[in-house]
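J.: Reminder that position 384 of the sequence shown reads as 384 in full-length UniProt numbering, one-by-one numbering, no gaps. Beta carbons are placed, not taken as given, at the ideal position from N, Cα and C, and that holds for glycine. Following this message is one structure expressed as structure tokens.
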Amino acid sequence: MVLLPLEALKNWQPFRLDALGLVTLLGAEEVARAIGTLAPNTLTDYMPLLGAYRVAGNHFTTPEPGHNMYNLSDGITNTELSAWFTRWMSHYVTESYSFLEIELAEDQRGFAELGGLHVGLAFLLGTVMHLGLIALAALQADWYGIANGAALLMATLVRNYLIHANVKKFDGKFKGELQQSHGGTQRFVRDGFNQRKKILIVRPDGGLVGMHIKLGLLLKLFGRLDPTAAKFFSLEWQGMYTIARGVGWLAFGVHIVCIGQATLPSQLFVVTVMSVATILTIFNVGTQQSWQQFRNILRSNHRQNSDYARYDMGRFMTIKVVGPPVDALVPTNRSRMYALLAPTEREMSWMESWNLLPLRPNDMWYEHWYKLANTVKEQTIDHKGNRSMHFLEIDYAKMCTGDPTSGTKVENALTSTDSGDTGSQSDVVSGARRDDPMAGEAA
1 MVLLPLEALK
11 NWQPFRLDAL
21 GLVTLLGAEE
31 VARAIGTLAP
41 NTLTDYMPLL
51 GAYRVAGNHF
61 TTPEPGHNMY
71 NLSDGITNTE
81 LSAWFTRWMS
91 HYVTESYSFL
101 EIELAEDQRG
111 FAELGGLHVG
121 LAFLLGTVMH
131 LGLIALAALQ
141 ADWYGIANGA
151 ALLMATLVRN
161 YLIHANVKKF
171 DGKFKGELQQ
181 SHGGTQRFVR
191 DGFNQRKKIL
201 IVRPDGGLVG
211 MHIKLGLLLK
221 LFGRLDPTAA
231 KFFSLEWQGM
241 YTIARGVGWL
251 AFGVHIVCIG
261 QATLPSQLFV
271 VTVMSVATIL
281 TIFNVGTQQS
291 WQQFRNILRS
301 NHRQNSDYAR
311 YDMGRFMTIK
321 VVGPPVDALV
331 PTNRSRMYAL
341 LAPTEREMSW
351 MESWNLLPLR
361 PNDMWYEHWY
371 KLANTVKEQT
381 IDHKGNRSMH
391 FLEIDYAKMC
401 TGDPTSGTKV
411 ENALTSTDSG
421 DTGSQSDVVS
431 GARRDDPMAG
441 EAA
């Protein structure tokens, strides 16, 4: 057997240099975005994940930049959205144009019904995996592997504590809003917190999210922590929160050192478990969304145009996401969003000043707009002339058959049915003319 000149160096190893700890840095941003939604995951809540330093650094609570909120009803624009909401939209609102319906209820249903079952299953899976990591290392007398398993266990507990603290703050924020809304306090009614507002959110990728939402809920959703929620996040709680973050950093430091010095079987097991758990977390496997899709497959009942995706947030909030139609023959564009929001002439002038509308005149767009607005009017106005606050899918077929109503005025379209919506005052596109400052993207 012929030896190559430098083959003897293959087994030369006076010391060990292992950079496996760098693997723990991969996928950190995606993990922070996923857990920053504060949505529970039955499979991975107690599993070790990559990117633990992003949790210890509290990066999962920072807002994602680039979101702009426009309050069409009051002429207000704001870029300061709640961190969890920006991450939630980035993770769960996948369509370019969507509408959200946000509700508060004392008796939450849906995914919250799992309750202890969800926590119990997640805790059981996490316990099996963590004890398996430590047991495998112990059977090999791999002390670095044991230390690595203990560090991962501590990092997982810290992650769950920090998430629980933020969910507690989240629930406290909306509990006061729910009590005021149901109690109908004089100040709550006097200040107009029960009025519905038309909201348009422009996302960093240019996508749009529309809402009709009560003012009181809007302030809680986009504002900072208020006195009602502050009692759930006292100085004592903040001190514990900071200590937990410190423990998380310590656990991360031990992990990146020990994983490189552990035996090969321990390393392979750790990397496999963390990679699989991270992939499941990033792709929402084990969340409410995945269980809904699984049930639809079993029932052979795939989501149709008029259906919505439901998400339960915390103890009180439910968010329903209505996406665009599936029919690819007719493109979905901003004019549809504007039609469903039904802006008044005053609101259209604000939209023009915010550069949400193109320069006038734009006759081609008006032809499209009149067809669309009348179609929306037909599908959302009941026999009493009231508009449903639910965002129904539009039958675009009427727009492709030369609707005779095109080019005519859109009188008193899309009036609101909400009895508490005293501030909208005839939310209509009334007396629309070809010289109106109404514009948008052409189809």
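I need the boundaries of the alpha helix (DSSP H) containing Val-270, first residue and last residue.
T.: 264–282
J.: Per the contact definition of three or more C-beta pairs closer than 8 Å, is the region 192–204 in contact with the region 281–288?
T.: no
J.: Give the list of continuous alpha helix (DSSP H) stretches no shorter than 4 residues that lie fully inside the region 46–77.
T.: 52–56
J.: Do His-67 and Thr-79 come within 8 Å of each other at the CB atom, strictly closer than that value?
T.: yes
J.: Helix, strand or coil: how does DSSP classify Ala-309 here?
T.: Ala-309: strand per DSSP, three-state reduction.
J.: Are the beta-carbon atoms of Glu-95 and Lys-320 separated by less than 8 Å?
T.: no
J.: Compare the Cα-Cα distances from Phe-170 to each of Thr-375, Leu-38, Lys-371, His-368 and report the closest residue.
T.: Leu-38
J.: Check the C-beta distance from Gly-145 over to Ala-135 and give it rounded, since I have them as a contact under 8 Å.
T.: That pair is no contact at about 10 Å.
J.: May I ask you to verify whether the region 151–169 touches the region 241–250, counting CB pairs closer than 8 Å and requiring at least 3?
T.: At 8 Å Cβ cutoff, the stretches touch.
J.: To the nearest angstrom, how far is the alpha carbon of His-255 from that of Leu-124?
T.: 22 Å
J.: Which residue marks the beginning of the alpha helix (DSSP H) containing Phe-85, and which one marks its end?
T.: 83–92
J.: What does DSSP give as the partner residues of Tyr-97 in its beta bridges?
T.: Leu-208
J.: Taking C-alpha atoms, which residue in Thr-263, Leu-20, Val-202 lies nearest to Leu-139?
T.: Thr-263
J.: The alpha helix (DSSP H) spanning Leu-200 covers which residue range?
T.: Run containing Leu-200: none in the alpha helix (DSSP H); it sits in the beta strand (DSSP E), 196–202.
J.: For Thr-287, which three-state DSSP category applies?
T.: coil
J.: Using the DSSP secondary-structure output, state which residues sit across from Lys-214 in a beta bridge.
T.: Arg-196
J.: Since Val-31 is in the alpha helix (DSSP H), which residue starts that stretch and which ends it?
T.: 28–35
J.: Cα separation between Thr-86 and Ala-141?
T.: Annotation: Thr-86 to Ala-141 spans about 46 Å, alpha carbon to alpha carbon.
J.: Under three-state DSSP, which class holds Glu-103?
T.: strand
J.: By Cβ distance, which residues of its chain are closer than 7 Å to Trp-88, with the 5 residues on each side in sequence left out?
T.: Cβ neighbours of Trp-88 beyond the five flanking positions: Thr-37.
J.: With DSSP as the reference, label residue 453 as helix, strand or coil.
T.: In this structure the chain extends from 1 to 443, so residue 453 is not present and cannot be described.
J.: Given Asp-158, which residues of its chain have a CB within under 6 Å of its CB, disregarding the five upstream and five downstream residues?
T.: Rather than Asp, the amino acid found at residue 158 in this sequence is Val. If we look at Val-158 and ignore the five residues flanking it on each side, its Cβ neighbours are Ala-244, Val-247, Gly-248.
J.: Please report how far the alpha carbon of Ala-34 lies from the alpha carbon of Thr-42, in whole angstroms.
T.: The alpha-carbon of Ala-34 is positioned some 14 Å away from that of Thr-42.
J.: Candidates Ser-266, Met-364, Ser-275: which alpha carbon is nearest Trp-143's?
T.: Among Ser-266, Met-364, Ser-275, the Cα nearest to that of Trp-143 belongs to Ser-266.
J.: I need the boundaries of the alpha helix (DSSP H) containing Ala-339, first residue and last residue.
T.: For Ala-339, the enclosing alpha helix (DSSP H) has its first and last residue at 334–341.
J.: Would Met-364 be called buried (16 or more neighbouring beta carbons within 10 Å of its own) or exposed?
T.: Classification for Met-364: exposed.
J.: Provide the residue span of the beta strand (DSSP E) that contains Thr-318, from first to last.
T.: Here the beta strand (DSSP E) through Thr-318 covers 317–322.
J.: Classify Ser-353: buried if its beta carbon has 16 or more other beta carbons within 10 angstroms, exposed otherwise.
T.: exposed
J.: Measure how close the beta-carbons of Tyr-70 and Leu-200 come, nearest whole angstrom, since I'm counting them as under 8 Å.
T.: 5 Å
J.: In whole angstroms, give me the CA-to-CA distance for Ser-82 and Pro-63.
T.: In this structure, the straight-line span from the alpha carbon of Ser-82 to that of Pro-63 is close to 6 Å.
J.: Start and end of the alpha helix (DSSP H) containing Glu-80?
T.: No alpha helix (DSSP H) holds Glu-80; DSSP gives it neither H nor E.
J.: Measure the C-alpha to C-alpha separation of Glu-345 and Leu-221 and round it to an integer number of angstroms.
T.: When rounded, the distance between both Cα atoms is 27 Å.
J.: Rounded to the nearest angstrom, what separates Asn-355 and Met-348 at their Cα positions?
T.: 11 Å
J.: Report buried or exposed for Ile-76, applying the criterion of at least 16 other Cβ atoms within 10 angstroms of its Cβ.
T.: exposed
J.: For the alpha helix (DSSP H) holding Trp-354, just list the boundary residues, first then last.
T.: No alpha helix (DSSP H) contains Trp-354, which DSSP labels as neither H nor E.
J.: Using a threshold of 8 Å, state whether the C-beta atoms of Lys-175 and Phe-60 are closer than that.
T.: No, they are not a contact pair.
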